[in-house]
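Data first, discussion second: the structure below is written as structure tokens.
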Amino acid sequence: MGWMYYYDYYFLILVVPAMLIALWAQIKVKTTFASQSKRLSSRGLTGAQAAMQVLRYYGINNVHIERVSGDLTDHYDPRTNVIRLSDKVYNSTSIAAIGVACHEAGHAAQHAEGYAPIKIRNAIIPVCNIGSTLGLPLAILGYILSFEPLITIGLLLYALIAVFQLVTLPVEFNASHRALKVINETGVLDDDERAGARKVLSAAAMTYVASLLVSLANLLRFVIRFSGRNRRN
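Taking our numbering, the leading residue of the sequence shown gets 8, the next gets one more, and so forth.
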């Protein structure tokens, strides 16, 4: 079972490049957020106030906004109808803070309107969790037992990780689109400031694309390895 070593040929040519892209995306989002955090909006709205603007735009009045500790821990919780904004976003008047806060409010708007991709994503979360936990172990067990159907089942379950991340892309892109739409139409930021918010949201979106690439690379690595084993048999 020497092919199972983590640092193998396919890991180097498939997964490492994807991981480097993911690392670049993480660095990009942090540096972009940091640079746009230094620029304060001319209107002086805080992140929390900007998020409230988005909620009002979409006629949402049952969502609350709270502060949460941590760095870039901002998120919308549909179970409690709460937008949680990190310390660097909640009270900040920076362009970065406003962009992130409006993005999270965009998620609240998606839930309020019954946006189809977010319904699909929420529906597949339980089975995707099973896939991420059991997929690869089942495939390896199938290999050990020389039982090809179990290998196939394991790989299909493992593939659900990539499916989830694929469905996540339109959800994240749409939330940013909603945020920028409100920013543009309500004058939350001026023209030059909007470009800064767009940079922050674009950098954040790239992290989701990079995560999908890593998942696909890992999936392809294991598919090639297992299929190679079958050909040898």
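We treat Cβ as the ideally placed atom computed from N, Cα and C, and that holds for glycine.
Distance, Cα to Cα, residue i vs residue j?
i, j, result
"histidine 110", "tyrosine 215", "14 Å"
"isoleucine 160", "glycine 142", "7 Å"
"tyrosine 97", "tyrosine 165", "37 Å"
"alanine 169", "methionine 213", "15 Å"
"glycine 149", "alanine 217", "30 Å"
State the start and end residues of the unbroken alpha helix (DSSP H) segment that holds residue i.
i, result
"valine 23", "23 to 44"
"threonine 53", "Threonine 53 -> no alpha helix (DSSP H), and no H or E assigned at all."
"leucine 162", "155 to 193"
Let me confirm a value: residue i is counted as buried when at least 16 other C-beta atoms fall within 10 Å, else exposed. Which label applies?
i, result
"threonine 140", "exposed"
"glutamate 179", "buried"
"aspartate 78", "exposed"
"phenylalanine 233", "buried"
"glycine 51", "exposed"
"histidine 71", "exposed"
"aspartate 81", "buried"
"glycine 194", "exposed"
Unbroken stretches of the beta strand (DSSP E), 3 residues or longer, contained in the segment 61 to 130 | 71 to 75, 82 to 84, 89 to 93
contact_flag[the segment 38 to 50, the segment 92 to 104] where n(CB pairs < 8 Å) is 3 or more | yes
How do the segment 48 to 65 and the segment 107 to 122 stand: do at least 3 beta-carbon pairs fall below 8 Å, yes or no?
-> yes
Examine the Cβ distances between the segment 17 to 31 and the segment 197 to 204 and report whether three or more of them are shorter than 8 Å.
-> no
How do the segment 182 to 193 and the segment 111 to 127 stand: do at least 3 beta-carbon pairs fall below 8 Å, yes or no?
-> Judged by Cβ distances under 8 Å, the segment 182 to 193 makes contact with the segment 111 to 127, as three or more pairs qualify.
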